[in-house]
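Student: Quick note: the sequence shown, position 101, residue 116 per my numbering, numbers continuous. Mind looking over this structure? Questions follow.
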Amino acid sequence: MESLIELDKALLVFLNSLGDESFDFIWLLITDKKSSIPLYIFLLIYSYKKLSTNDFWKCLLIVALLILFGDQISGLFKDYFQRLRPCHDPEINTYIRIVKKGCGGLYGFFSSHATNTFALATFYYMLLRNYSNYFIFLFAWALIVSYSRIYIGVHFPIDVLFGVCFGILLGYIFSLLPSKKYSNNVR
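Here it is as structure tokens:
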């Protein structure tokens, strides 16, 4: 386990060192939750157009529960494992670029950003994949947001990787919640 943590720290130092000050503002924008609002609005409008009114409201409720559940579980893990974020870890914070002012909470295992973006990407992909092949690009968005957490120095790669895996699992499970298939209720 100790060698895995050392590898994780070395990988963080490497990935974080790939950054450049001239791109920091882009990564800070990407990591900001508000920057994804246009995508969320698009997903809401697209869902509204493709699903029946009843299924749209079910979808909205499921998405709210999905985000709530992902946030709560990642918070419980952070409190249980108490793994310091890289920016709070005195063993490593002098070796990395900490781009974001204000590091966030003390603990970082596992990443809520990675969990929620991959949960949403998986849920919407499962829900809307029959309507368009473009929804696979939601995973590119989720990957970029997740990587931004490493770039700005607030998560270790394992924090992000675990968040990605948990988010995919969560999104898939929540996509199974509706008792009847959405595709039967297309507008």
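Ideal placement from N, C-alpha and C gives every residue a C-beta, glycine not left out. As the structure is a prediction and not an experimental result, all values here were calculated from the model.
For ARG202, count neighbouring C-beta atoms within 10 Å of its own C-beta (all shown protein chains included) and say buried if the count is 16 or more, exposed if not.
Tutor: Because ARG202 sits at a pLDDT of 48, beneath the cut-off of 50, its placement in the model cannot be relied upon, and the point is left open.
Student: Thinking just about the alpha-carbon of each residue, which of THR132, ALA155, HIS170 and ILE167 is nearest to the one in TYR187?
Tutor: Looking at the Cα atoms, THR132 is the closest of the given residues.
Student: Alpha carbons only, please: which of LEU26, GLU17, SER18 and MET16 is nearest the one belonging to VAL175?
Tutor: Answer by Cα proximity: LEU26.
Student: State the beta-bridge partners of LEU99 as determined by DSSP.
Tutor: DSSP, once it has assigned bridges, lists TYR122 as partnering LEU99.
Student: How about ILE167 and ASP39: do their beta carbons lie closer than 9 Å?
Tutor: Closer than 9 Å, so yes.
Student: Measuring straight from C-alpha to C-alpha, what distance separates LEU59 and VAL114?
Tutor: One C-alpha to the other measures close to 32 Å.
Student: For the alpha helix (DSSP H) that contains ASN131, what are its first and last residues?
Tutor: First-last of the alpha helix (DSSP H) with ASN131: 127-143.
Student: Going by the CB atoms, is the gap between ALA129 and ARG164 shorter than 9 Å?
Tutor: Contact: yes.
Student: Residues in its own chain within less than 6 Å of GLN97 by CB, not counting five upstream and five downstream?
Tutor: Closer than 6 Å at Cβ, skipping near neighbours: TYR122.
Student: Out of curiosity, what's the CA-to-CA distance linking LEU75 and GLU17?
Tutor: Distance between the alpha carbons of LEU75 and GLU17: 42 Å.
Student: Does the contact criterion of 3 or more C-beta pairs under 8 Å hold for the segment 85-104 versus the segment 138-146?
Tutor: Cβ pair count under 8 Å is below three, so no.
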